Amino acid sequence: MQMVDKEGLLVSLHVDSANPHESRLLMKTIKNSISLTKPRYILGDRAYDSDKLDLECKKLGISLVAYHKLNRKNHTQDGREARRLKKRYTVERTNAHLKNYRKVNVRYERDPKLFENFIWMAHCLIFIKKFNIHIDY
């Protein structure tokens, strides 16, 4: 699981098995953050609409913004914060860029640390392309 900033650059990364739901990995991903400042908002999809996650994020001073699940009876967020979710396309765009790298698209490695390093390397290449940094080898 990864967190990116509003520019689409990697802020935090956590690699785990495919069994746990991604909403359970959110706190581990926040703890792995390389950013010096903690985020004010985390934008997620409907899977992040959970009272438990809301409380855990509020303890850290982070506002979790997610659309309500369709079967939710008492809505915890109003539409004002949901407007921030329009900026979530940067996350989806970053995921689409990562799909261009074969080692990241399909996990071939058994060692999670090795797979995590390939993700970091792919993000470095995305960073170089994004800012047109020319490197002579």
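At position 100 of the sequence shown the residue is numbered 100 (UniProt numbering), and the sequence of numbers has no breaks.
Heads up, the beta-carbon is just placed ideally off N, CA and C, and yes, glycines get one too.
None of the values given here were measured: they were computed from a predicted structure.
Problem - Inter-residue spacing [alpha-carbon to alpha-carbon] between residue 13 and residue 56 - result: 19 Å
Exercise for the section: Could you pull the start and end residues of the beta strand (DSSP E) that residue 66 belongs to? Expected result: 63 to 66
Exercise for the section: Rounded to whole angstroms, what's the CA-CA distance from residue 30 to residue 63? Just pull it up for me. Expected result: One C-alpha to the other measures close to 13 Å.
Practice task
Classify residue 89 as helix, strand or coil using the three-state DSSP reduction.
Solution key: helix
Problem - Span of the alpha helix (DSSP H), counted from its first residue to its last, around residue 15 - result: Taken as a continuous stretch (DSSP letters only), residue 15 belongs to no alpha helix (DSSP H), as it is neither H nor E.
Practice task
State whether the stretch 42 to 55 contacts the stretch 10 to 26, with contact taken as three or more CB pairs (one from each stretch) at a distance under 8 Å.
Solution key: yes
Handout entry: Beta-carbon gap between residue 104 and residue 122 smaller than 7 Å
Key = Yes, Cβ-Cβ distance for residue 104 and residue 122 is below 7 Å.
Problem - Cα-Cα separation, residue 35 to residue 82 - result: 24 Å
Problem - Cβ neighbour criterion (16 or more within 10 Å) applied to residue 66 - result: By the beta-carbon neighbour count (other beta carbons within 10 angstroms, threshold 16), residue 66 is buried.
Problem - Beta carbon of residue 72 nearer than 7 Å to that of residue 43 - result: no
Handout entry: Cα-Cα separation between residue 132 and residue 93, rounded to whole angstroms
Key = 18 Å
Practice task
Would you list the one or two residues that DSSP bridges to residue 101?
Solution key: Answer by DSSP bridge pairing: none, since residue 101 is not bridged.
Exercise for the section: Identify which residue in 136, 125, 135 has its Cα closest to the Cα of residue 9. Expected result: Nearest C-alpha to residue 9: 125.
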